[in-house]
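First comes the structure, then the notes that go with it.
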Amino acid sequence: MQYSQVDAEARAIGRKFDLVVLLSTFLVLIAGFHVHQMLVAGDWSFWVDWKDRNWWPIVAPILEITFPAATQAVLWTKFRMPIGATFCCLGLLFGEWMNRYINFYGWTHYPLNMVFPETFIPAAVVLDIVLMLTGNWVVTALVGGELWGWLFYPTNWVMIAPYHLPVEYQGALMSLADVINYMYVRTSTPEYLRIVETGTMRSFAGGVTGVAAFFSAFVSVCMYVPWWLMGAYFFGSTKFFKTYEATPVEARQH
Amino acid sequence: MAQTQTTATAVARPPITAFSWKSAGIAIGALVVFDVLINVYERLYAFSKGLDYTSADYESYWMGMLFAELVLEAVTAAGLWGWLWMTRDRALDRLSPAEELKRYWALGLFVLTYTYAAYAGASYFTEQDGTWHQTVIRDTDFTPSHVIEFYQSYPIYIIFGVGSLVYAMTRLPQFAKAFSLPYVILVGSPAMIFPNVGLNEFGHTRWFMEELFVAPLHWGFVTFGWGALAILGTWLQICPRVLSLINHIYYGKPIQSPAEVMKNPQSSVDPAACAACAL
Ligand SMILES: [Zn+2]
């Protein structure tokens, strides 16, 4: 057989293995990232009336920089692919939309504009670009982590803004999101009527979001570091442990 | 280090048809069809027959399904894992490079099927359970969405995950005599989500705390879900060996023998050894 034919065959098989690696990694990261996200920040993701300007921009970014940081640690350092964060967040968005559309909307008939998820794609692209340009994970933690926290609210604002419009409903002032919440009762709805901005938060009014994003960015930086390290040294470890049977006899006697 | 020295013409190549997507296509296709049918079943009988645990309908439509699936899962798991073990390769040190490469392809498809099942269980059906609880109050731990999520979708991915690990341990030199840390986490950590249901159900039964999905009671699921990230280390172990096999079979480069890999699997993922035989 000609060398070129052998070469083509080898390359075709290599490409197939590449695809298996990419597809399986994508699917299992959806599984892990989505179950993590829905159980640490899910309520803010499920309901438009939970997407407030105080806690949502804090909780969501700091808990969702986790998988992107760990994935970047391997995809960048071992595969030179500057897509770790975007890869994770795209998978998360896919997992969320599958359920919001098929189940929240299709099965139990909540309107889609009540249950659409947040997006991390813009912040993830920025996080990946910072890592690609600097090639340094500490700088990515410091600069990328800050941007991650800062960018979350503005990049979701276009979707959220209409629901924060004030309306008067039965003599009370509330947001459009709150009215939607009244219309579509869910389990334990009374406990969901949250007055988010209380005490001094309320008197500082418009300043709340900026402070929340600033705080969120700080914690995102702090979260990035352990998750990068876990990705690099634990989940990305290539360690083998010998079984008892495979351990040499001399070693067993000590 | 002793290495098997050969030339390109001396190494048998596996037929290109050996690297077919067919088996994964059938397995994942069957799972997708099954999941669609399950969704149809839920739409037909969850609200109509699944709201009163004490009713006769509940007994036949939901508890019947629960017992049937638990039995089927136990039988399937024992059958598949047992068969993989009984048919294990007892002469792995004489494994030919072509056969080893074919087995890595089969393992890749096995892992791919596992990851689909894990997606369906941990992502799709788990958030679907949120949809269910936000719509109805359950009167039993065996509420319809749990019969599907906990006792069906989770065991299915465990069957494929453990199955793929047993396949690797019984048929590939890298995994035959040593435990791979990332691979065991990739399979074992998501598998622990199923036992964690015990904690979850006891907590919900005792404290009746359905209104918050982010309740700390749920964080056991979260921690075990992190194990999904270990697929990164798993591929970092597998890729260098697959690359060495391709380089050996198609380009005649030297390669570690199966016996050497079995004796010291760590050496097969050594970046230096890998770089020496890069394409
Ligand atoms: Zn549940």
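Quick mapping for you: the protein sequence lines, in order, are chains A and B.
The numbering of the first sequence is our numbering, which starts it at 75 and goes up by one.
The numbering of the second sequence is our numbering, which starts it at 19 and goes up by one.
No residue lacks a Cβ here, since even glycine has one placed at the ideal position from N, Cα and C.
- At a C-beta separation below 7 Å, residue 215 (chain B) has no neighbours in chain A, since its nearest C-beta there lies roughly 13 Å away.
- Taking 8 Å as the cut-off, the beta carbon of residue 119 (chain A) is found closer than this to the beta carbon of residue 191 (chain A).
- The three-state reading of DSSP puts residue 152 (chain A) in coil, since its state is none of H, G, I, E or B.
- Bounds of any beta strand (DSSP E) do not take in residue 217 (chain B); it lies within the alpha helix (DSSP H) bounded by 211-225.
- Interface annotation, residue 224 (chain B): not in contact with chain A, CB-CB separation never under 8 Å.
- Nearest in C-alpha terms to residue 146 (chain B), of all of B:231, B:69, B:94, B:190, is B:231.
- Any Cβ of chain A closer than 8 Å to the Cβ of residue 140 (chain B) would place that residue at the interface, and such an atom is present.
- Taking a Cβ-Cβ cut-off of 9 Å, the neighbours of residue 61 (chain B) in chain A comprise 180, 181, given in sequence order.
- Taking every residue with its beta carbon within less than 6 Å of a heavy atom belonging to ligand 1 gives, in chain order, B:147, B:151, B:164.
- Considering only A:243, A:188, A:205, the residue with the shortest C-alpha distance to residue 255 (chain A) is A:188.
- The region 235-243 of chain B makes contact with the region 208-225 of chain B: 3 or more CB pairs, one atom from each, lie closer than 8 Å.
- Residues of chain A with a Cβ closer than 8 Å to the Cβ of residue 158 (chain B) do not exist, since the nearest Cβ in that chain sits about 15 Å away.
- The region 201-212 of chain B and the region 241-258 of chain B touch, with no fewer than 3 CB-CB distances between them shorter than 8 Å.
- The contact set of residue 237 (chain B) on chain A, defined by CB atoms closer than 9 Å, consists of 113, 114 in chain order.
- Assignment of residue 197 (chain B) by DSSP, reduced to helix, strand and coil, places it in the strand class.
- Shown in chain order are the members of the region 116-130 of chain B whose Cβ falls below 8 Å from a Cβ of chain A: 119, 122, 123, 126, 127, 129, 130.
- Considering only beta carbons, the part of the region 171-197 of chain B lying closer than 9 Å to chain A consists of 175, 192, 193, 194, 195, 196, 197, in chain order.
- Apart from sequence neighbours up to five positions away, the residues of its chain that approach residue 179 (chain A) with a beta-carbon distance below 8 Å are 185, 186, 189, ordered along the chain.
- Between residue 298 (chain A) and residue 134 (chain A), the CB-CB gap reaches or exceeds 8 Å.
- Closer than 7 Å at the C-beta level to chain B, one finds these residues of the region 245-260 of chain A: 260.
- Under the Cβ distance rule, residue 164 (chain B) does not count among the residues neighbouring chain A, no pair being separated by less than 8 Å.
- Among the CB atoms of chain A, none fall inside 8 Å of the CB of residue 206 (chain B).
- Here residue 222 (chain A) is near residue 291 (chain A), since their CB atoms are less than 8 Å apart.
- Around the beta-carbon of residue 241 (chain A), fewer than 16 other beta-carbon atoms lie within 10 Å, marking it exposed.
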